[in-house]
Amino acid sequence: DAGVIQSPRHEVTEMGQEVTLRCKPISGHNSLFWYRQTMMRGLELLIYFNNNVPIDDSGMPEDRFSAKMPNASFSTLKIQPSEPRDSAVYFCASSLRQGNEKLFFGSGTQLSVL
Amino acid sequence: GESVGLHLPTLSVQEGDNSIINCAYSNSASDYFIWYKQESGKGPQFIIDIRSNMDKRQGQRVTVLLNKTVKHLSLQIAATQPGDSAVYFCAETRGGSNYKLTFGKGTLLTVNP
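Quick note, the sequences are listed as chains A and B, same order. Read in order, the letters of the first sequence correspond to residues 439 to 552 in our numbering. Read in order, the letters of the second sequence correspond to residues 19 to 131 in our numbering.
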């Protein structure tokens with residue numbers, strides 16, 4: 439299995455632009471997570487899906503952030519409009535089922551908003 | 019407030035030595051703990067886990083110890099190798115929300131040849 443696949447690996451954009459991050463979870467995994475990692479705040483859970491349905495989005499910073507999971511093999515995290523404080527590494531992770539805490543992480547997207 | 023934290027932000031050891039990375043948690047309701055390893059440019063990778071009904075669990079060259087009395091978790095790496103150089107995170111889940119992992123800030127382990 440190729441593991442969790444994220445794209446792009448790096449994204450540099452200007453303030454105010456729309457950013458879309460993409461994730462393909464491990465095949466057969468029913469739970470998908472988006473995390474954000476910064477030096478100041480560490481790893482923060484943004485949103486969690488189970489069977490393609492958003493279960494908990496309480497970690498999403500504000501309305502500029504949105505996430506979708508149209509099918510079991512694809513999810514997006516969108517920031518519109520982006521701001522410099524959104525600069526971070528964004529990780530997608532998947533697990534076999536709800537309640538299975540063993541997460542498999544992708545390699546992340548390094549986002550820089552200038 | 020409730021949190022998971024690490025005592026030492028950095029740890030430097032000699033190759034072949036044993037390493038001990040510590041983690042403190044504040045919520046007695048935490049019932050499941052995981053250690054992750056994150057190498058530069060990569061996502062966190064699962065190392066070992068332990069549930070609150072256990073005090074110790076061993077894997078290959080790694081041991082996790084849980085002291086519920088003082089809410090302390092440690093990761094021991096035997097015969098540390100250069101490939102062990104990474105940031106190590108502890109993570110915990112709290113009863114009733116076991117999908118929601120809370121991660122500590124991490125400890126940077128550097129192994130000197």
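We treat Cβ as the ideally placed atom computed from N, Cα and C, and that holds for glycine.
(message) Closer than 9 Å between beta carbons: that is the criterion. Which residues of the stretch 46-73 of chain B meet it against chain A?
(response) Here the close residues are Tyr50, Ile52, Tyr54, Gln56, Gly59, Lys60, Gly61, Pro62, Gln63, Phe64, Asp67.
(request) Can you tell me which of the three DSSP states A:Asp501 falls into? (result) A:Asp501 falls in the coil class under three-state DSSP.
(message) Short of 8 Å Cβ to Cβ, which residues in the stretch 492-524 of chain A face chain B?
(response) If you check each beta-carbon in the stretch 492-524 of chain A against every beta-carbon of chain B, the ones closer than 8 Å belong to Ile493, Asp494.
(message) Here's the rule I'm using: 16 or more other beta-carbon atoms within 10 Å means buried, otherwise exposed. How should A:His448 be labelled?
(response) It counts as exposed.
(request) Tell me whether the beta-carbon of B:Ala96 lies closer than 8 Å to the beta-carbon of B:Gln56. (result) No.
(message) Could you tell me the alpha carbon to alpha carbon distance between A:Asn468 and A:Met507, rounded to whole angstroms?
(response) Their Cα atoms are separated by approximately 11 Å.
(request) Check the Cβ of A:Lys540 against every Cβ in chain B and list those closer than 9 Å, keeping chain order. (result) In chain order: Ile52, Phe64, Asp67.
(request) Return the first residue and the last residue of the beta strand (DSSP E) that A:Asp494 is part of. (result) In the DSSP annotation of this structure, the continuous segment of the beta strand (DSSP E) that includes A:Asp494 starts and ends at 491-494.
(request) Taking all protein chains shown into account, decide if A:Leu483 is buried (16 or more other Cβ within 10 angstroms of its Cβ) or exposed. (result) Classification for A:Leu483: buried.
(request) Out of A:Glu539, A:Ile517, A:Tyr528, state which residue places its alpha-carbon closest to the alpha-carbon of A:Met453. (result) It is A:Ile517 whose Cα lies nearest to the Cα of A:Met453.
(request) Quick one: using the 10 Å Cβ neighbour count with 16 as the cut-off for buried, is B:Gly19 buried or exposed? (result) Confidence at B:Gly19 is low in this model, with a pLDDT of 36, below 50, so the placement of that residue is unreliable and no value is reported for it.
(request) Classify A:Pro508 as helix, strand or coil using the three-state DSSP reduction. (result) Looking at A:Pro508 - three-state DSSP - the assignment turns out to be strand.
(request) Measure from the C-beta of B:Thr125 to each C-beta in chain A and report whether the shortest distance is under 8 Å. (result) No, its Cβ sits nowhere closer than 8 Å to a Cβ of chain A.
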